[in-house]
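S.K.: Take this structure first; my questions come after.
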Amino acid sequence: MITSPDQRLDALRGSAPRKRHDARTLAALENNPRCALRAVLDASGSDKAAIAAHAGYPTPFGQSRFAIVRGNMFEAMVKADGCAELLRVLRETLELTLPEVGYQDLNDVGGDGSNQTRHARTAQLLTAAARGDGTDTLYDHPMLRLVVGGHSVFLEPDLVAFRIGDRFHVVEIKSFPIVDGQAAPAQVRSATTQACAYIIALRAMLAEAGVGPGAVSETIVLVAPKDFTNRPTGAFVDARKQVATLTRQLARIERISDLVDLLPEGLTFDLAADDTGRPQRPAHELAEALDQVPATYFPDCLSHCEMAFFCRSRARDGSSLDVLGPAVREPLGGLDTATMALGLARGTLTPADDQVEMATALRHAARLRAELLDLPGAAGAAS
Ligand code: SF4
């Protein structure tokens, strides 16, 4: 009989190898903190992309090859010649005073590129810097580590800049453009949440050496192409709210046993792959297993979660208001489905005591819509 939380999580994943988190998957946790399905899939290390595909809802997900190549080229250009372009951005665009600059390349340590060695060297250098020893300012590709649900995750920021006001700042180098001082909000949010994982990991590393969280700023330096050129520009991004949300989500993974205890005994997302790796489990059976765990779909899931097409189909089947996003769901608080909202708006559903006000507002909105569209029955909607 399975008892420990780790055994339950292993059973949920089944025979598949554990998928490890990275900064991108950690950042995605911040986007839908209420979702129990995502929480158990992530905590169990399940392969969400494979599960969604076998359930019949493959989701094209992740960066395109073109975007990855472009991102790597832009990052190399920003860091060329000892980060000359980056220093220009920090000094000219962001008006930072960086009188002396020491550069540390942490992509390997004397030719050793293993995560463990790079992490040990990163911890040694950054801890010394936080204590006021050393003259380094820029740390290129430091290796950080975070324990997520009892498992170590190595994380690799583009760069950590030190001594901006005596605090570490995470620098995110992205290839999407900043046009007239503005970048696409979704892309900025995605870059920021990724940087939040680095901030939390950096704080955890320094905490082991007794250095307080104040040594790491929650303001991120975003470096991206200016307008439609390849010339880098920079912006400060306040990440306080996202750091707090991601910290709560990581704590939730540590407490995952509370959630797992509520799941039916014997539940598993195992694909029952054969020797060639081909799943043998009937797709409908897998979908039924997934349906046992509450999911809180909303449109942003399409940008952040491999399960999005599966969950969207479920939300639509149930006519859940979640599928319409928070802009619709939140003003209709207390109503669960579009069927219920339409019934109140049309007057075909009698409102409960606590829905009377909402029903009046919905009928009013329906009447206005009908009048604007000159629909027959506008008067009926008003009654
Ligand atoms: S797509 Fe589904 S599993 Fe993923 S976060 Fe959204 S609701 Fe949760």
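Using numbering that gives the first Met the number 0, read the sequence shown as starting at 0 and increasing by one per residue.
In this text, a Cβ means the ideal position worked out from N, Cα and C, and glycines have one as well.
1) So, C195 versus Q241, is the Cβ gap smaller than 7 Å?
2) Could you please give the first and the last residue of the uninterrupted beta strand (DSSP E) stretch that includes A15?
3) Inspect the beta-carbon positions of A337 and L320 and report whether they are closer than 7 Å.
4) Leaving out five residues before and five after H168 in sequence, what residues of the same chain have Cβ atoms less than 6 Å from its Cβ?
5) In three-state DSSP terms, what is P231?
6) Compare the Cα-Cα distances from A52 to each of F308, V327, R328, A351 and report the closest residue.
7) In chain order, which continuous runs of the alpha helix (DSSP H) of length 4 or greater are located wholly inside the segment 281-353?
8) Identify the continuous alpha helix (DSSP H) that holds T359 and give its terminal residues.
9) How far does the beta strand (DSSP E) with Y138 in it reach, from first residue to last?
10) What residues match up with K225 in a beta bridge as DSSP calls it?
11) Is L270 near the ligand SF4, with its Cβ less than 6 Å from a heavy atom?
12) Threshold first: 4 residues or longer. Then list the alpha helix (DSSP H) segments lying entirely within the segment 246-274, N to C.
13) Rounded to a whole number of angstroms, what is the C-alpha to C-alpha distance between E284 and A54?
14) Does DSSP put A182 in a helix, a strand or coil?
15) Applying the 10 Å Cβ sphere with the 16-neighbour rule, what's the burial state of R162?
M.R.: Well, looking at it:
1) Yes, Cβ-Cβ distance for C195 and Q241 is below 7 Å.
2) First-last for A15: undefined, no H or E at that position.
3) Contact: yes.
4) Result list for H168: A160, S216, V220, in chain order.
5) DSSP, reduced to helix, strand and coil, places P231 within a strand of the structure shown.
6) For A52, the closest alpha carbon among the candidates F308, V327, R328, A351 is that of F308.
7) If we require 4 residues or more, the alpha helix (DSSP H) runs fully inside the segment 281-353 come out as 282-290, 300-303, 307-316, 325-328, 337-345.
8) Note, T359: alpha helix (DSSP H), 355-372.
9) Its beta strand (DSSP E) spans residues 137-139.
10) Paired residue(s): I177.
11) No, the Cβ of L270 stays beyond 6 Å of every heavy atom of the ligand SF4.
12) 255-259, all fully within the segment 246-274.
13) For the pair E284 and A54, the Cα-to-Cα distance works out to about 9 Å.
14) A182 falls in the coil class under three-state DSSP.
15) R162 should be labelled buried.
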